[in-house]
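Asks: The structure is given below, and queries will be raised subsequently.
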Ligand code: GDP
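In UniProt numbering, the protein residues as written are 96 to 395.
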């Protein structure tokens with residue numbers, strides 16, 4: 096939590112502190128509430144969720160009558176946590192089952208942090224004593240397989256890769272096959288994220304998933320989204336979600352943005368929980384997403 100707090104320092108100033116400062120004014124008139132809305136919107140919370148939050152908060156503050164900064168802070172905390180969805184199932188299916196490894200596909204636009212996320216996640220799973228195998232199915236980007244293999248070596252897990260420019264689906268298939276033969280606990284497959292058009296993506300990513308499913312169902316499809324890309328990122332995320340059934344979102348680069356509200360927007364948009372957050376480039380900078388801790392960090 097301390098680390099999260101430090102890493103979200105930039106989000107704080109914009110979202111948490113901005114809101115608390117506004118809400119502690121003596122007189123909360125129409126303008127003040129509009130400013131509250133502006134702060135939420137500029138943090139990428141999204142129009143509908145912002146309106147809902149302000150509506151509820153406003154009603155509660157009015158009902159309360161007199162209010163101390165602490166009371167307002169508590170109300171704001173409650174409403175923000177409710178907005179983030181405290182009851183969503185954010186568990187990761189990474190346990191071996193039915194005599195075979197769990198299969199996790201990691202998808203998203205290039206540059207969002209897919210490969211880094213696979214490396215960090217491998218490290219988390221190895222720390223849980225799991226046998227992990229990586230599949231380098233991003234065969235388009237020249238350095239992608241090298242980058243993944245470097246992560247693999249750093250974490251101490253094998254990487255299955257194919258020829259550069261080869262068929263990503265075939266690499267993914269071979270990786271899962273190798274995981275089954277090695278009796279691994281989990282196979283993490285890094286995929287290519289060329290978003291030239293939806294049809295092309297369908298071809299590439301849809302095929303990767305279908306081919307991997309010849310070994311059995313895929314357990315998780317994690318969509319990696321760069322928190323700094325705002326509404327653009329959301330549009331791209333939607334395209335991916337239309338091509339494959341996404342089971343969880345990894346929100347990366349939360350350390351570099353004041354737009355923590357994207358958590359709310361993307362969950363609404365895709366109807367899928369944020370399961371992990373990236374808080375830096377280092378191997379330990381991946382954390383499970385926890386709404387209470389997240390909101391506390393915003394308001395700290
Ligand atoms: P990919 O093309 O989607 O596989 O993206 P990469 O994994 O190569 O990451 C792109 C860049 O983003 C790299 O420089 C990473 O170090 C950086 N990156 C990834 N995740 C995070 C994060 O959570 N925070 C920050 N600050 N940088 C990140």
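A virtual CB, placed ideally from N, CA and C, is assigned to each residue, including glycine. It should be emphasised that the depicted structure is a prediction, and the values quoted were computed from it without experimental measurement.
When you measure from the CB of residue 326 to every non-hydrogen atom of the ligand GDP, does any distance come out below 7 Å?
Replies: No, Cβ of residue 326 sits at least 7 Å from all heavy atoms of the ligand GDP.
Asks: Counting along the chain, where does the beta strand (DSSP E) carrying residue 225 start and finish?
Replies: Premise fails: residue 225 is in no beta strand (DSSP E) and is neither H nor E.
Asks: Would you please state the rounded distance, in angstroms, between the beta carbons of residue 367 and residue 328? I believe it to be under 8 Å.
Replies: The Cβ separation is near 14 Å, so there is no contact.
Asks: Please identify the residue among 364, 356 and 296 whose C-alpha is closest to the C-alpha of residue 335.
Replies: Closest option to residue 335, Cα to Cα, is 296.
Asks: Applying the 10 Å Cβ sphere with the 16-neighbour rule, what's the burial state of residue 315?
Replies: Looking at its Cβ environment, which holds 16 or more other Cβ atoms inside 10 Å, residue 315 is buried.
Asks: Below 6 Å CB to CB, which residues in the same chain sit around residue 218 once its five sequence neighbours on both sides are set aside?
Replies: Excluding positions up to five away in sequence, the list reads 250 and 378.
Asks: Compute every distance between the C-beta of residue 348 and the non-hydrogen atoms of the ligand GDP, then say whether any falls below 7 Å.
Replies: Yes, Cβ of residue 348 sits closer than 7 Å to a heavy atom of the ligand GDP.
Asks: Using DSSP with H/G/I as helix, E/B as strand and the rest coil, what is residue 107?
Replies: The predicted position of residue 107 is uncertain, since its pLDDT is 47 and thus under 50; no value can be drawn from it.
Asks: Under the three-state reduction of DSSP, which class applies to residue 153: helix, strand or coil?
Replies: Residue state, collapsed to three classes: helix.
Asks: Compute the Euclidean distance between the alpha carbons of residue 110 and residue 353, then round it to the nearest angstrom.
Replies: Roughly 7 Å separates the two Cα atoms.
Asks: Whose C-alpha, out of 321, 203 and 190, is nearest the C-alpha of residue 338?
Replies: The shortest C-alpha separation from residue 338 is found at 203.
Asks: With a cut-off of 8 Å, do at least 3 Cβ pairs link the segment 256-272 to the segment 228-241?
Replies: Yes, they touch.
Asks: Have a look at 212, 241, 200 and 141 and flag the residue whose alpha-carbon is nearest the alpha-carbon of residue 374.
Replies: Among 212, 241, 200 and 141, the Cα nearest to that of residue 374 belongs to 212.
Asks: Have a look at the DSSP bridge pairing and note the partners of residue 321.
Replies: Answer by DSSP bridge pairing, in chain order: 347.
Asks: Identify the residues that DSSP records as bridge partners of residue 192: which are they?
Replies: Beta-bridge pairing links residue 192 to 195.
Asks: Is residue 241 near the ligand GDP - that is, is its Cβ less than 7 Å away from at least one heavy atom of it?
Replies: No.
Asks: For the segment 274-289 against the segment 193-200, do three or more pairs of beta-carbon atoms, one drawn from each stretch, fall closer than 8 Å, so that the two count as touching?
Replies: Contact between the segment 274-289 and the segment 193-200 is present, because at least three Cβ pairs lie under 8 Å.
Asks: So residue 360 and residue 141 are supposed to be a Cβ contact under 8 Å. How far apart are they, rounded?
Replies: Yes, residue 360 and residue 141 are in contact; Cβ-Cβ is about 4 Å, under 8 Å.
Asks: Using 8 Å as the cut-off, can you tell me whether the segment 261-275 makes contact with the segment 296-307, which would need three or more C-beta pairs spanning the two stretches below that distance?
Replies: Touching, yes.
Asks: By the three-class DSSP mapping on this structure, what secondary structure does residue 305 have?
Replies: Reduced to three states, the DSSP call for residue 305 is helix.
Asks: For residue 196, which residues of its own chain have a beta-carbon under 7 Å away from its beta-carbon, when the five flanking residues on both sides are left out?
Replies: Closer than 7 Å at Cβ, skipping near neighbours: 274, 275, 279, 280, 281 and 282.
Asks: Please state whether DSSP places residue 210 in a helix, a strand or coil.
Replies: Residue 210: helix per DSSP, three-state reduction.
Asks: Taking buried to mean at least 16 other C-beta atoms within 10 Å of its own C-beta, is residue 326 buried or exposed?
Replies: Exposed, since its Cβ has fewer than 16 Cβ neighbours within 10 Å.
Asks: Given this structure, state the Cα-to-Cα distance separating residue 116 from residue 149, to the nearest angstrom.
Replies: Rounded to the nearest angstrom, the two C-alpha atoms are 15 Å apart.
Asks: Taking the beta carbon of residue 309 as the centre, do at least 16 other beta carbons fall within 10 Å, making it buried, or is it exposed?
Replies: With fewer than 16 other Cβ atoms within 10 Å, it is exposed.
Asks: Just to check my reading of the structure: residue 61 and residue 371 have Cβ atoms closer than 8 Å, yes? What is that Cβ distance to the nearest angstrom?
Replies: The structure shown does not extend to residue 61, since the chain is modelled only from 96 through 395, so no value can be given for it.
Asks: Helix, strand or coil for residue 387, going by three-state DSSP, please let me know.
Replies: Residue 387 falls in the helix class under three-state DSSP.
Asks: For residue 128, which residues in the same chain have their Cβ closer than 8 Å to its Cβ, ignoring the five residues on either side in sequence?
Replies: So the qualifying residues of the chain are 149 and 153.
Asks: Should residue 320 be labelled buried (16 or more other beta-carbon atoms within 10 Å of its own) or exposed?
Replies: Classification for residue 320: buried.
Asks: List the residues that DSSP assigns as beta-bridge partners of residue 316.
Replies: Answer is 200, bridged to residue 316.
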